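So the sequences go chain by chain: A and B.
For the first sequence, position 14 matches number 14 in my numbering, and the numbering has no gaps at all.
Just remember that my numbering sits 287 ahead of the position in the second sequence, which is counted from 1.
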Amino acid sequence: MTDATTEQTSRFDDVSLQSLGTHAVLYGVALLMAIPYLYTISRSFQPRRYLTDPQPYWIPPEITFDHYQYLLTESLFVQWTINTFVIAGGATIIILVIDSMIAFSLTRLDWPGQSIVMGVILASFMVPYYMNIVPLYTVVSDLGLVNSYLGVILPAVASPLGVFLLYQFFRDIPDEYEEAARLDGFSTFQIYYRIVLPLARPILASLALFMFVYNWNAFLWPLIVLSDEAAYTLPIGLVNLYQGNITTPGLHMAVTVLASLPLFIVYLFFQGEIVRAVQIQGTGTTG
Amino acid sequence: MGLRNRFTTGENERAQQTVFGVRKETVEGIAWSLPYLAVFSVFLIWPALKGFYMSLHNWDPFVPSESEFIGLENYIELFNDPVFWDAMKGTIYFVALSVPLLVLLGLGLALGVNKNVKGKTVLRAIYFSPYILTVAVVTLIWSEVYSEGYGLINYYLGFVMSDPPGWLTSTNLAMPALAFMTVWWLVGFNFVIFLAARQGVPERLYEAARLDGASTWRAFKDVTLPQMRNSILFVVIIQFILQFQVFAQPFVLTSGGPRGSTDTLVYYLYRSAFSQHQYGYGAAIGYVLVMILVVIALINFKVIGTND
Numbered sequence: 001m002t003d004a005t006t007e008q009t010s011r012f013d014d015v016s017l018q019s020l021g022t023h024a025v026l027y028g029v030a031l032l033m034a035i036p037y038l039y040t041i042s043r044s045f046q047p048r049r050y051l052t053d054p055q056p057y058w059i060p061p062e063i064t065f066d067h068y069q070y071l072l073t074e075s076l077f078v079q080w081t082i083n084t085f086v087i088a089g090g091a092t093i094i095i096l097v098i099d100s101m102i103a104f105s106l107t108r109l110d111w112p113g114q115s116i117v118m119g120v121i122l123a124s125f126m127v128p129y130y131m132n133i134v135p136l137y138t139v140v141s142d143l144g145l146v147n148s149y150l151g152v153i154l155p156a157v158a159s160p161l162g163v164f165l166l167y168q169f170f171r172d173i174p175d176e177y178e179e180a181a182r183l184d185g186f187s188t189f190q191i192y193y194r195i196v197l198p199l200a201r202p203i204l205a206s207l208a209l210f211m212f213v214y215n216w217n218a219f220l221w222p223l224i225v226l227s228d229e230a231a232y233t234l235p236i237g238l239v240n241l242y243q244g245n246i247t248t249p250g251l252h253m254a255v256t257v258l259a260s261l262p263l264f265i266v267y268l269f270f271q272g273e274i275v276r277a278v279q280i281q282g283t284g285t286t287g
Numbered sequence: 288m289g290l291r292n293r294f295t296t297g298e299n300e301r302a303q304q305t306v307f308g309v310r311k312e313t314v315e316g317i318a319w320s321l322p323y324l325a326v327f328s329v330f331l332i333w334p335a336l337k338g339f340y341m342s343l344h345n346w347d348p349f350v351p352s353e354s355e356f357i358g359l360e361n362y363i364e365l366f367n368d369p370v371f372w373d374a375m376k377g378t379i380y381f382v383a384l385s386v387p388l389l390v391l392l393g394l395g396l397a398l399g400v401n402k403n404v405k406g407k408t409v410l411r412a413i414y415f416s417p418y419i420l421t422v423a424v425v426t427l428i429w430s431e432v433y434s435e436g437y438g439l440i441n442y443y444l445g446f447v448m449s450d451p452p453g454w455l456t457s458t459n460l461a462m463p464a465l466a467f468m469t470v471w472w473l474v475g476f477n478f479v480i481f482l483a484a485r486q487g488v489p490e491r492l493y494e495a496a497r498l499d500g501a502s503t504w505r506a507f508k509d510v511t512l513p514q515m516r517n518s519i520l521f522v523v524i525i526q527f528i529l530q531f532q533v534f535a536q537p538f539v540l541t542s543g544g545p546r547g548s549t550d551t552l553v554y555y556l557y558r559s560a561f562s563q564h565q566y567g568y569g570a571a572i573g574y575v576l577v578m579i580l581v582v583i584a585l586i587n588f589k590v591i592g593t594n595d
């Protein structure tokens with residue numbers, strides 16, 4: 001064996017050792033991150049006597065659906081799910097419509113004052129959401145929207161994030177498309193509806209998913225606005241179950257599984273779009 | 288914005304059309320902006336201004352017009368309020384624990400997955416997935432993991448320790464426990480942003496570094512870090528702003544306890560306004576919070592943004 005080949009093999013061993021180490025660390029972290037899930041799912045099917053045993057059971061010796069049955073029949077879980085759907089879905093639809101309208105107006109139409117409007121919207125990014133909750137509550141209360149869907153939806157719709165993302169995208173659509181359409185006699189609405197929106201479909205899809213997940217998960221604002229148990233969203237309802245008198249760990253675990261299930265299904269189907277929405281946010285706000 | 292060619296005849300004709308003497312495009316532009324601007328003004332701008340007004344009053348939630356103007360008294364009271372300072376300390380401690388871990392772990396995982404690793408899609412899905420959970424679900428899951436009696440961690444710790452600690456009942460451990468749970472929940476967001484940024488670095492820069500005989504560490508320091516600076520700045524600022532507003536974790540899991548060790552600014556704001564009905568005082572906490580966040584953002588820009 002010559003020196004050159006020994007050196008090559010040892011370098012090869014180095015690389016594969018390093019790669020082995022990388023794999024071990026990455027998969028180790030992944031396993032640690034998955035453990036809380038797996039444990040939760042397992043416990044949601046366990047009868048009470050196993051849950052109070054200090055020894056954890058990863059594979060339940062006995063399976064029960066009691067916790068799920070209780071939630072679906074004895075609690076307001078179904079009502080909370082409907083509320084959350086209406087709020088997250090409603091907010092998402094309104095955001096898509098009015099954000100795309102103003103982004104269209106700011107990028108494709110020419111009118112005095114639009115740079116001031118965009119400046120104010122950009123500056124509002126500096127307003128942390130939580131700072132506003134006290135005065136916002138008095139506004140929503142003055143408008144008679146406490147305990148209502150609109151009281152949760154409208155403040156969520158005021159978020160400037162969607163305007164900002166769509167503004168950046170619409171701005172980069174080439175003028176030629178629009179000019180050709182104008183020559184063909186398209187009205188402003190037709191240009192918006194038949195040219196700009198179809199071109200922006202990927203970013204609209206990403207924004208929609210991101211906003212749906214965000215509003216599905218919203219916590220502090222619904223907690224403040226919704227005081228009637230029947231009006232709760234899922235996050236508020238399940239905390240209420242937790243802090244209430246029903247201290248059965250199995251029930252808590254079942255409620256977390258049920259409350260997360262719709263989002264996990266959405267995530268499985270639209271993983272790419274949700275991840276892309278997060279990434280657009282990350283690249284868009286600094287670039 | 289207004290920087291567009293107007294050569295075609297269609298555009299010229301359009302520009303001359305008027306409605307009641309106003310250019311048609313101006314009318315259209317305002318009409319198309321109006322729905323968002325209405326919601327934006329009523330539910331974002333107006334509350335932001337009203338909050339400042341409220342913070343200068345001893346606000347009467349039942350008869351707002353009877354509220355007494357007290358100037359800066361809410362702010363002065365705040366600075367002499369020990370609960371406020373405890374909440375401030377708690378918040379800073381939480382941020383100091385969570386933000387560095389969130390950034391470094393996110394960066395480490397992104398750089399690791401970017402290498403030639405098998406099963407990238409599975410890893411990416413696992414790292415990102417907790418991020419889509421609501422904070423309420425996250426705290427419920429971890430209440431089981433941390434539990435003293437039948438918790439997962441303490442069961443296994445029991446093999447090596449005779450008396451495992453109460454994670455959420457010890458004044459020393461409760462805040463770190465909340466921070467660790469938060470890292471588990473949110474690290475996927477940073478991971479995904481860093482991964483995209485790393486993939487955007489041109490491979491030829493690494494080839495050039497390799498030709499120059501640069502070590503892995505040098506390549507990381509001279510290529511990866513400067514190229515990813517914008518994303519790192521974004522993630523650091525976003526995480527500071529988000530983690531400074533921590534609320535649900537102490538609210539659900541510890542109620543600020545034990546003995547105030549997990550109290551935070553937003554949780555105190557919430558209690559002042561919505562439990563004690565001191566709206567003016569709550570609004571003042573909100574304004575102090577904004578000022579802190581603006582200062583943090585500026586410091587971040589200075590430290591990371593201009594450092595070549």
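Note that CB positions come from ideal geometry on N, CA and C, so glycine has one too.
Quick caveat, the model's predicted, so the values are computed rather than measured.
Range covered by the alpha helix (DSSP H) that runs through residue i
i: Pro135 (chain A); result: 133 to 142
i: Lys405 (chain B); result: No alpha helix (DSSP H) holds Lys405 (chain B); DSSP gives it neither H nor E.
i: Arg108 (chain A); result: 77 to 108
i: Ala218 (chain A); result: From DSSP, Ala218 (chain A) is part of no alpha helix (DSSP H); its letter is neither H nor E.
i: Gly119 (chain A); result: 114 to 123
i: Met578 (chain B); result: 566 to 587
i: Leu520 (chain B); result: 516 to 531
i: Ser449 (chain B); result: That residue, Ser449 (chain B), is in no alpha helix (DSSP H); it is neither H nor E in DSSP.
i: Trp504 (chain B); result: 503 to 506
i: Leu145 (chain A); result: Segment: none, Leu145 (chain A) is in no alpha helix (DSSP H) and carries neither H nor E.
i: Thr426 (chain B); result: 422 to 433
i: Leu439 (chain B); result: 439 to 444
Identified DSSP bridge partners for residue i
i: Thr305 (chain B); result: B:Arg310
i: Glu62 (chain A); result: Paired residues: none, contrary to the question.
i: His344 (chain B); result: B:Phe356
Amino acids of chain A, ordered along the chain, whose beta-carbon sits closer than 8 Å to that of residue i
i: Lys337 (chain B); result: Pro135, Thr138, Val139
i: Lys402 (chain B); result: Ser19, Thr22
i: Gly544 (chain B); result: Correct list: empty, because the minimum Cβ distance to chain A is about 14 Å.
i: Ala466 (chain B); result: Ordered by position in chain A, no residue passes the 8 Å Cβ test against Ala466 (chain B), which lies about 16 Å from the chain.
i: Met341 (chain B); result: Val134, Pro135, Thr138
i: Tyr437 (chain B); result: Leu51, Thr52, Asp53, Pro54, Pro56, Pro249
i: Ala412 (chain B); result: Gln271
Closest Cα partner of residue i within the set the options
i: Asn345 (chain B); options: B:Arg485, B:Ile363, B:Asp450; result: B:Ile363
i: Arg451 (chain B); options: B:Glu435, B:Phe381, B:Pro463; result: According to the sequence as given, residue 451 (chain B) is Pro; it is not Arg. Ranking the options by Cα distance to Pro451 (chain B), first place goes to B:Glu435.
i: Met297 (chain A); options: A:Val239, A:Ile265, A:Val266; result: Chain A is shown only over 1 to 287; residue 297 (chain A) falls outside these bounds and no answer can be derived.
i: Ser260 (chain A); options: A:Phe85, A:Leu32, A:Ala230, A:Pro47; result: A:Phe85
i: Leu209 (chain A); options: B:Leu388, B:Ile419, B:Pro322; result: B:Ile419
i: Leu473 (chain B); options: B:Met515, B:Val329, B:Val522; result: B:Val522
i: Trp111 (chain A); options: B:Thr305, B:Leu460, B:Val329; result: B:Thr305
i: Leu520 (chain B); options: B:Ile332, B:Gly308, B:Leu391; result: B:Leu391
i: Thr188 (chain A); options: B:Gly308, B:Glu315, B:Phe307; result: B:Glu315
i: Ile480 (chain B); options: B:Asn403, B:Leu398, B:Pro463; result: B:Leu398
i: Gly162 (chain A); options: A:Ile195, A:Ile173, A:Leu207, A:Arg194; result: A:Leu207
i: Leu552 (chain B); options: A:Leu76, A:Ile94, A:Met131; result: A:Met131
i: Ala383 (chain B); options: B:Leu512, B:Ala495, B:Val470; result: B:Val470
i: Ala570 (chain B); options: B:Leu365, B:Phe330, B:Ala535; result: B:Leu365
Partner residues on chain B for residue i, Cβ-Cβ distance less than 7 Å
i: Gly244 (chain A); result: By Cβ distance, chain B contributes nothing, its closest Cβ being about 12 Å from Gly244 (chain A), past 7 Å.
i: Ile93 (chain A); result: Ordered by position in chain B, no residue passes the 7 Å Cβ test against Ile93 (chain A), which lies about 13 Å from the chain.
i: Pro112 (chain A); result: Thr313
i: Ile224 (chain A); result: Phe561
Amino acids of chain B, ordered along the chain, whose beta-carbon sits closer than 9 Å to that of residue i
i: Ile102 (chain A); result: Trp319, Ser320, Leu321, Pro322, Tyr323, Leu324, Phe327
i: Arg43 (chain A); result: Glu431
Partner residues on chain A for residue i, Cβ-Cβ distance less than 7 Å
i: Ala560 (chain B); result: Val134
i: Trp333 (chain B); result: Val139
i: Gly399 (chain B); result: Thr22, Val25, Leu26
Contact set between residue i and chain B, taken where Cβ atoms lie within less than 8 Å
i: His252 (chain A); result: Leu427, Ser430, Glu431
Contacts that residue i makes with chain A (C-beta to C-beta distance below 9 Å)
i: Ala374 (chain B); result: Chain A residues near Ala374 (chain B): none, gap ~13 Å exceeds 9 Å.
i: Trp504 (chain B); result: Residues of chain A passing the Cβ test: none, with the nearest at roughly 13 Å.
i: Gly547 (chain B); result: Those do not exist, as Gly547 (chain B) stays about 19 Å from chain A at its closest Cβ, beyond 9 Å.
In chain order, which continuous runs of the alpha helix (DSSP H) of length 4 or greater are located wholly inside the segment 451 to 497 of chain B? 461 to 486
Report task. Note down, one range per segment and in chain order, each alpha helix (DSSP H) of at least 4 residues found wholly within the segment 155 to 238 of chain A. Result -> With a minimum length of 4 residues, the continuous alpha helix (DSSP H) runs that stay inside the segment 155 to 238 of chain A are 161 to 171, 175 to 183, 188 to 191, 201 to 217, 220 to 225.
- Task: Mind listing, in chain order, the continuous alpha helix (DSSP H) runs of no fewer than 4 residues lying wholly within the segment 539 to 569 of chain B?
- Result: Listed in chain order, the complete alpha helix (DSSP H) runs (minimum 4 residues) inside the segment 539 to 569 of chain B are 552 to 557.
Kindly provide the ranges of any alpha helix (DSSP H) runs that are 4 or more residues long and lie completely inside the segment 362 to 408 of chain B, ordered along the chain. Correct list: 369 to 401.
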